[in-house]
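Note sheet for the following structure.
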Amino acid sequence: MSPPAFEPKAFPPRRFEEGAFLFREGDPPGCAYVVQSGKVEIFRGQGASRRLLGAVRPGGIFGEMALIDNSPRMADAIAAETTVCLVIPPAAFREKLEKADPFIRALLRILVKNTRSMAETMD
């Protein structure tokens, strides 16, 4: 299901045990991830206001928003079970992004901005 650009030879896989945080809300931008096996859950908020935003399963990507707009992470990413992800380093992600058509880059930035705005209004 993963596109050829996400093959392990291009980006090394990493194993995360159930309950491991891949990143936390407020963290600076880091890597993006593609789930190869397992499941990662995305949560926002703390304590009683904590809510599940979604789950990422094999073939899904997450962590890309912070790399697109260079903003802090807007949610926690936690391995819901033993999970293997391909890890896309920031430099490799940005290199691919900069090679994309300028229209596509602008569209991605707008989509990320709109997603962040919607998330803030839900808080």
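In my numbering, the protein residues as written are 3 to 125.
Ideal Cβ placement from N, Cα and C applies to all residues, glycine included.
Computed from a predicted model, the values in this text were never measured in an experiment.
Would you report the Cα separation of residue i and residue j, rounded to the nearest angstrom?
| i | j | result |
| --- | --- | --- |
| P92 | A50 | 33 Å |
| R111 | D71 | 6 Å |
| T123 | P15 | 35 Å |
| M120 | K11 | 36 Å |
| G21 | N116 | 29 Å |
| F18 | I106 | 32 Å |
| T85 | R46 | 20 Å |
| R96 | A102 | 10 Å |
| F64 | P31 | 12 Å |
| P104 | A94 | 18 Å |
| F146 | L109 | Any answer about residue 146 is impossible in this case: the structure gives the chain only from 3 up to 125. |
| R52 | C87 | 24 Å |
| A48 | F13 | Residue identity check: residue 48 is Gln in the sequence provided, not Ala. Between Q48 and F13, the C-alpha separation is close to 32 Å. |
On a Cα-Cα basis, can you pick out the residue from the options that is closest to residue i?
| i | options | result |
| --- | --- | --- |
| I80 | P15, G61, K11 and G40 | G40 |
| L69 | A57, K11, P60 and V89 | V89 |
| K98 | A34, P30 and Q48 | A34 |
| G28 | G62, D78, L113 and P104 | D78 |
| V37 | Q48, L109, G61 and R52 | G61 |
For residue i, which residues in the same chain have their Cβ closer than 7 Å to its Cβ, ignoring the five residues on either side in sequence?
| i | result |
| --- | --- |
| E43 | L54, A57, I80 and A82 |
Verify whether the separation of the beta carbon atoms of residue i and residue j is less than 8 Å.
| i | j | result |
| --- | --- | --- |
| R75 | F25 | yes |
Skipping 5 residues on each side, what residues in its chain have a beta carbon closer than 8 Å to that of residue i?
| i | result |
| --- | --- |
| R118 | M67, D71, S73 and M76 |
| E100 | R107 |
Which same chain residues end up closer than 6 Å to residue i when comparing Cβ atoms and leaving out the 5 residues on each side of it in sequence?
| i | result |
| --- | --- |
| V114 | M67, I70 and D71 |
Shorter than 7 Å, the distance from the beta carbon of residue i to the closest heavy atom of the ligand SAM, or not?
| i | result |
| --- | --- |
| A57 | Inclusion of the ligand SAM in the displayed structure is not the case, the ligand content being empty and no account of it being possible. |
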